[in-house]
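Residue numbers (our numbering), protein chains in the order written: chain L, 41 to 180; chain E, 41 to 180.
What follows is a set of notes on a single structure, which appears directly below.
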DNA sequence: CTCTTCTGCTTTTGTAAATTGCATGCCGAA
DNA sequence: TTCGGCATGCAATTTACAAAAGCAGAAGAG
């Protein structure tokens, strides 16, 4: 079980945008370079974020991406699920039919609890919280 | 991020052994067939469980596997970590060197919290708890 | 001895993640 | 109105790892 790079890059990208402040428009190339991630990969991720209105895209010269929402109101869960789709630690939770043979499967029981507690964490912290934490680290 | 089949099969296998009671010795073929999982794959998983003393192996005719510990004292975390090694949702947590460029990486911050809350769940429930839950489901 | 079962190692297969490439469309600026 | 920079969308590739299969060997019971 591992956090994917797409999720990681996406969160980092949104944070970078938020840090520039004032809803500035930043070209993707700058975001990618600043975070040291492949631009084309980030492009795909940002398309998902655009669909979820977390960022806004601007074409043409001087184009790029700006924040679509107030970072205080965007939770980590929203960003992650915009990128990966709904969270499923195990297939049979998203698709109960595949688990129909084991209506009493104890693995599902514990995975459901684990998933819930994971989502609680992701829901508890906003992009603004993550930036705040980063500032604290820099200060200390 | 997904729970792996190895983890799932391992937990199911241990539960099956525990359900037979009295530390009976069960050949791997029976465990595999009862859970509908490939025997060779399960074999590798059980080797790890053996090293962690969660199960005990017995060779020769009438050989197989028996429980190595009281199911009341084996947590889901122990089983899972015996199979997969220490839990790392993200690479830079297990290997901080790979993250040295970003000492303030906010992703690490939230992933560490997520990981901790995940492990708390896995630590809270024992094999006996899972079996108990299964019985409840059957009863209702 | 010999048959059965685990053991250890190697190899293959399958699938999803991660990345790259390219043709296209849009937009602002000159 | 044209040009260049930038996003878009889809296709293709590469990489990585999970999942599974294979096989020779060791250990134990009868």
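Where is the CB? At the ideal position from N, CA and C, for every residue including glycine.
Notebook entry, point to check: What separation, rounded to the nearest whole angstrom, lies between the Cα atoms of residue 116/L and residue 74/L?
Noted result: Taking the straight line joining both Cα atoms gives about 20 Å.
Note to self: Distance cutoff 8 Å, beta carbons only. Does residue 24/L sit that close to anything in chain E?
What the structure shows: The structure shown does not extend to residue 24/L, since chain L is modelled only from 41 through 180, so no value can be given for it.
Checklist line | 7 Å CB neighbourhood of residue 108/E in its chain, flanking five on each side removed | finding: 93, 94, 95, 96
Check: For a contact meaning CB atoms closer than 7 Å, what does residue 116/L contact in chain E?
Finding: 150
Margin query: Using C-beta distances below 7 Å, list every residue in its chain close to residue 56/L, excluding the 5 sequence neighbours before and after it, in chain order.
Written below: 71, 74, 75
Item checked: Interface partners of residue 157/E on chain L, CB under 8 Å -> 157, 158, 160, 161
Next item on the list: Flag residue 147/L as yes if its beta-carbon sits less than 8 Å from any beta-carbon of chain E, otherwise no.
Entry: yes
Next item on the list: For residue 126/E, count neighbouring Cβ atoms within 10 angstroms of its own Cβ and tell me buried if that reaches 16, exposed if not.
Entry: exposed
Check: By DSSP, does residue 147/L sit in helix, in strand, or in coil?
Finding: helix
Check: Which value, in whole angstroms, describes the spacing of the CA atoms of residue 91/L and residue 64/E?
Finding: 56 Å
Margin query: I need the straight-line Cα distance from residue 47/E to residue 98/E, nearest angstrom please.
Written below: 22 Å
Notebook entry, point to check: Between the region 155–163 of chain E and the region 167–175 of chain L, do at least 3 Cβ pairs fall closer than 8 Å?
Noted result: no
Margin query: According to DSSP, simplified to helix, strand and coil, what is residue 81/E?
Written below: helix
Next item on the list: Mark residue 122/E as exposed unless 16 or more other C-beta atoms lie within 10 angstroms of its C-beta, in which case mark it buried.
Entry: buried
Notebook entry, point to check: For the putative contact between residue 66/L and residue 104/L, defined by C-beta atoms under 8 Å, what is the C-beta separation to the nearest angstrom?
Noted result: Here residue 66/L really is in contact with residue 104/L; their C-beta atoms are around 5 Å apart, less than 8 Å.
Note to self: Tell me which residues share the same chain as residue 52/E and place their Cβ nearer than 6 Å to its Cβ, disregarding the 5 neighbours each side in the sequence.
What the structure shows: Around residue 52/E: 75.
Next item on the list: Name the two residues that bound the continuous alpha helix (DSSP H) containing residue 266/E.
Entry: The structure shown does not extend to residue 266/E, since chain E spans only 41 to 180, so no value can be given for it.
Check: Roughly how many angstroms lie between the CA atoms of residue 118/L and residue 166/L, to the nearest whole one?
Finding: 9 Å
Notebook entry, point to check: So residue 168/L packs on residue 112/L, CB below 8 Å; how close in whole Å?
Noted result: 4 Å
Check: Relative to the alpha-carbon of residue 59/L, which residue among 145/L, 110/L, 87/L has its alpha-carbon at the smallest distance?
Finding: Cα-wise, what sits closest to residue 59/L is 110/L.
Margin query: Looking at residue 130/L: is its Cβ nearer than 8 Å to the Cβ of residue 43/E?
Written below: Result yes, Cβ atoms of residue 130/L and residue 43/E sit closer than 8 Å.
Margin query: Less than 8 Å between the beta carbons of residue 68/E and residue 79/E, yes or no?
Written below: yes
Check: In three-state DSSP terms, what is residue 105/L?
Finding: strand
Notebook entry, point to check: The alpha helix (DSSP H) spanning residue 117/E covers which residue range?
Noted result: 116–124
Margin query: Let me confirm a value: residue 50/L is counted as buried when at least 16 other C-beta atoms fall within 10 Å, else exposed. Which label applies?
Written below: Answer is buried; the Cβ neighbour count reaches 16.
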